[in-house]
Amino acid sequence: EAQVTQNPRYLITVTGKKLTVTCSQNMNHEYMSWYRQDPGLGLRQIYYSMNVEVTDKGDVPEGYKVSRKEKRNFPLILESPSPNQTSLYFCASSLRWGVYEQFFGPGTRLTVL
Amino acid sequence: TQLLEQSPQFLSIQEGENLTVYCNSSSVFSSLQWYRQEPGEGPVLLVTVVTGGEVKKLKRLTFQFGDARKDSSLHITAAQPGDTGLYLCAGRPPGSARQLTFGSGTQLTVLP
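Chains as they are written, first to last, in the numbering used here: chain A, 4 to 116; chain B, 1146 to 1257.
Set out below in structure tokens:
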């Protein structure tokens, strides 16, 4: 089944404790992206990657890191999480950048205490 | 960052009624997409419009892209409880096909 998977689905952590949210797609997509969703603000793009080893900042990149060492994986790293990073995170992929459908993962609900 | 404003933010209607959701911006977009998101899931693409004035129909849903490519609307005819969800518009700025800007969403509830 073609899909985007994220792990974990739920995470509660404390300020400053490094964490990684994994994202994997099995559709051989070139383009991958991370979003955060907050009430009243919609989805805001954190980082995106047009292909392996090519990443760029989205609208809200502060406090986050990403890497794209393999085509299928695009992990999101929070080196020192803070409470304002409490949010619902979505990973998405599409065939390539441009007017293509984005396929979203199921989301990761992160709470930083 | 180019902004997309959606209205209304919340909409609760009875089954069988018609409704329209709006997505507006002061900026031009090269394309616009509509997604629907259900609780506990990621958004799912409904349609992509790329030409000013374009109208697309998906069963009871009609999507229109404004002539100036600054706005879009989603019209649902004879709404059903299965239409309940969060509707999001997302635009791609000209010359920046790399990023997608999302609106804040319209939460639709269709009561049986």
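Using N, Cα and C, we set each Cβ at its ideal position, and we do this for glycine too.
Proximity to residue i [Cα-Cα], best of the options
i          : options                                           : result
Lys74(A)   : Lys60(A), Gly66(A), Ser97(A) and Val17(A)         : Ser97(A)
Phe93(A)   : Glu33(A), Thr58(A) and Arg47(A)                   : Arg47(A)
Asp1212(B) : Ala1223(B), Gly1198(B), His1220(B) and Lys1204(B) : Gly1198(B)
Tyr34(A)   : Glu104(A), Pro64(A) and Thr111(A)                 : Glu104(A)
Thr1165(B) : Thr1196(B), Gln1159(B) and Ser1218(B)             : Ser1218(B)
Phe1174(B) : Leu1253(B), Gly1240(B) and Arg1205(B)             : Gly1240(B)
Ala5(A)    : Leu113(A), Gly108(A) and Leu116(A)                : Gly108(A)
Arg112(A)  : Trp100(A), Ser90(A), Lys68(A) and Asn31(A)        : Ser90(A)
Gln1178(B) : Arg12(A), Phe106(A) and Asn29(A)                  : Phe106(A)
Met53(A)   : Val24(A), Gln88(A) and Val69(A)                   : Val69(A)
Pro42(A)   : Ser1170(B), Pro1257(B), Phe1155(B) and Asp1228(B) : Phe1155(B)
Integer Cβ distance of residue i from residue j, believed to fall under 8 Å
i          : j          : result
Gln1225(B) : Val1255(B) : 6 Å
Cys26(A)   : Val55(A)   : Actually they do not touch by this definition, with Cβ atoms about 14 Å apart.
Val1200(B) : Thr1193(B) : The Cβ separation is near 13 Å, so there is no contact.
Leu1148(B) : Gln1182(B) : That belief does not hold up - the Cβ atoms of Leu1148(B) and Gln1182(B) are roughly 19 Å apart, past 8 Å.
Leu79(A)   : Ile15(A)   : No, Leu79(A) and Ile15(A) are not in contact; Cβ-Cβ is about 17 Å, not under 8 Å.
Gly1248(B) : Cys1168(B) : 5 Å
Ser85(A)   : Thr18(A)   : 6 Å
CB contact below 9 Å: residue i versus chain E
i          : result
Arg1237(B) : Note that chain E does not occur in the displayed structure, where the protein chains are A and B.
Residues that residue i contacts on chain A, provided the C-beta gap is smaller than 9 Å
i          : result
Glu1186(B) : Phe107, Pro109 and Gly110
Phe1155(B) : Per Cβ cutoff of 9 Å: no residues; Phe1155(B) is ~11 Å from chain A at best.
Leu1233(B) : Gly45 and Leu46
Proximal residues of chain B, C-beta to C-beta of residue i below 9 Å
i         : result
Val102(A) : Ser1175, Ser1176, Gln1178, Thr1193, Val1195, Arg1237 and Ala1242
Gly66(A)  : Under the 9 Å cutoff, chain B gives no residues; its nearest Cβ is about 17 Å from Gly66(A).
Between the CA atoms of residue j and residue i - distance to the nearest angstrom
i          : j          : result
Trp37(A)   : Glu1186(B) : 15 Å
Lys1202(B) : Arg1237(B) : 21 Å
His1220(B) : Pro1153(B) : 13 Å
Asn76(A)   : Glu1160(B) : 42 Å
Gln1151(B) : Gly45(A)   : 10 Å
Thr1251(B) : Val63(A)   : 22 Å
Tyr50(A)   : Arg39(A)   : 10 Å
Val1195(B) : Tyr1180(B) : 15 Å
Lys72(A)   : Lys60(A)   : 17 Å
Cutoff 9 Å: residue i Cβ touching any chain B Cβ
i         : result
Gln28(A)  : no
Leu79(A)  : no
Val115(A) : no
Ala95(A)  : yes
Leu44(A)  : yes
Val7(A)   : yes
Under 7 Å by beta carbon: chain B residues contacting residue i
i        : result
Gly61(A) : Gln1244
Near the ligand HEM: residue i beta-carbon under 8 Å from a heavy atom
i        : result
Leu79(A) : The ligand HEM is not part of the structure shown, which contains no ligands of any sort.
Listed by chain order, chain A residues near residue i by CB distance under 8 Å
i          : result
Leu1219(B) : Correct list: empty, because the minimum Cβ distance to chain A is about 15 Å.
Proximal chain A residues relative to residue i, where beta-carbon distance stays under 7 Å
i          : result
Gly1250(B) : Gly45
Test: residue i CB closer than 9 Å to a CB of chain A
i          : result
Phe1210(B) : no
Leu1164(B) : no
Per-residue contacts from residue i into chain B (C-beta, under 8 Å)
i        : result
Tyr13(A) : The premise fails here: Tyr13(A) is roughly 11 Å from chain B at the closest Cβ pair, so nothing lies under 8 Å.
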